[in-house]
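Going left to right, the sequence shown walks through residues 2 to 259 as this note's numbering numbers them.
Every residue, glycine too, gets a C-beta built ideally from N, C-alpha and C.
From a predicted model like this one, the values you see are computed outputs, not experimental measurements.
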Amino acid sequence: MPKVHFIGAGPGDPELITVKGARLLGEADLVIYAGSLVDRELVRRYAPTAEVHDSSSLTLEETTGLIAEAMISDWRVVRLHTGDPSIYGAIQEQMAELDRLGIDYAVIPGVTSAFAAAASLKQELTLPEMSQTVILTRMEGRTPVPERESLREIAKTGATLVIYLSVSMIGKVVEELLEGAYALQTPAAVVSRASWPDELIIRGTLADIAGLVTNAGIDRQAVILVGDVLNARTHGLKTTSLLYDKNFSHGCRKGLKG
Ligand SMILES: C[S@@+](CC[C@H](N)C(=O)[O-])C[C@H]1O[C@@H](n2cnc3c(N)ncnc32)[C@H](O)[C@@H]1O
């Protein structure tokens, strides 16, 4: 049983952490949490007695040092990340350090903001004959993005997009998307602080979303969703899925037409 767990805290609502993540937090002696995005209240609620450090002011070496020291005392450690740790979580470098030191660990997934935003929008991201692909991506900022994954390239797919870390550059995002398969009338939505009490949803199209978002003063902690699926609630579905079609047979159900 590893003594160190990387845990996804979910997007904000403390009830969106997994049962396993909450249990491990309750058993932890040391919690290092990403204080820039994870609510301190969530940590207090699930780990009331643990020693707690906010990683936003720590370096990789300092975080690893805290974990290594805890191992000497045979402590249980939780490294708590926002959303799901595998998405823009910078956990690979932390795990590499633990590998180097021979410290065993496990990862407990969390609800990433893309899925929290889809839930807030009451929106399925994959719809038959509209899009069967979801791309989680970002605009290049201080972190470079490989050229083949630039928004301009990704825009060629026409898939449903969920764009992280980019709302402050929304004008540029729109410009790049319009170079590809998306058009001014393509629906877009921005969900700021999905699942938090002050969550804000802006809906529009690529023609007006940048202005709407700027006017609302949203410049961080938001995801941008783009794609025709976002029209489904207002314009209706092109077709329904086969899964619940009365004529369609599958492993769990015999359809009317065998
Ligand atoms: C460093 S990334 C971490 C992503 C996180 N690991 C996840 O799975 O959601 C931070 C970005 O995630 C997005 N984000 C995080 N929490 C969010 C929330 N509650 N609502 C909307 N977007 C959020 C924003 O795009 C933000 O800039």
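For a test of your reading of the model: does the CB of GLN222 fall under 7 Å from any non-hydrogen atom of ligand 1? Yes or no.
As a position in the sequence shown, residue 222 is number 221, starting the count at 1. Yes; taking the cut-off as 7 Å, the Cβ of GLN222 has a heavy atom of ligand 1 nearer than that.
DSSP on LEU213, reduced to helix/strand/coil?
To locate residue 213, count along the sequence shown from 1; it is residue 212. Correct three-state label for LEU213: helix.
In the DSSP output, what is SER193 paired with across the bridge?
Counting from one through the sequence shown, the residue named residue 193 turns up at place 192. Paired residue(s): LEU201, ALA223.
Any Cβ of chain B within less than 8 Å of the Cβ of PRO188?
The structure shown has no chain B; it contains just one protein chain.
Mapping DSSP to helix, strand and coil, what is LEU81?
Within the sequence shown, the letter at position 80 stands for residue 81. Residue state, collapsed to three classes: strand.
Please find out if some non-hydrogen atom of ligand 1 comes closer than 7 Å to the beta-carbon of GLY13.
Start at 1 with the first residue of the sequence shown, and residue 13 comes out as number 12. Yes, Cβ of GLY13 sits closer than 7 Å to a heavy atom of ligand 1.
Assess contact between the stretch 118-134 and the stretch 207-217, defined as three or more Cβ pairs (one per stretch) separated by less than 8 Å. Is contact present?
no
Whole angstroms is fine: what's the gap from ASP14's alpha carbon to TRP197's?
Translated into positions along the sequence shown, residue 14 becomes position 13. Translated into positions along the sequence shown, residue 197 becomes position 196. If you take the alpha carbons of ASP14 and TRP197, they lie about 6 Å apart.
In the stretch 156-193, which residue ranges form an unbroken alpha helix (DSSP H) of at least 4 residues, counting only runs that do not cross its ends?
171-179
Measuring CA to CA, which of SER121, GLU94, THR144 is closest to THR60?
Position 59 of the sequence shown, counted from the start, is the residue given in the question as residue 60. Of SER121, GLU94, THR144, the residue nearest in Cα terms is GLU94.
Euclidean distance between Cα positions of LEU99 and ILE33:
What you label residue 99 is simply residue 98 of the sequence shown in a count that begins at 1. What you label residue 33 is simply residue 32 of the sequence shown in a count that begins at 1. Each residue's alpha carbon lies about 15 Å from the other.
Other residues of its chain near ALA195: CB distance less than 6 Å, five sequence neighbours each side excluded
Locating residue 195 in the sequence shown gives position 194, where the first residue counts as 1. PRO12, SER114, ALA117, ALA118, SER121.
Please report the distance separating the alpha-carbon of GLY90 from that of ALA71.
To locate residue 90, count along the sequence shown from 1; it is residue 89. To locate residue 71, count along the sequence shown from 1; it is residue 70. For GLY90 and ALA71, the distance between alpha carbons rounds to 22 Å.
Ligand 1 heavy atoms versus the CB of TYR34: any closer than 7 Å?
Taking the sequence shown and counting its residues from 1, the one referred to as residue 34 is at position 33. Flag unset: Cβ of TYR34 not near ligand 1.
Just checking my contact of SER169 with ILE225 at CB under 8 Å: how many whole Å lie between their CB atoms?
Taking the first residue of the sequence shown as position 1, residue 169 is located at position 168. Taking the first residue of the sequence shown as position 1, residue 225 is located at position 224. Not really, about 11 Å apart at Cβ, beyond 8 Å.
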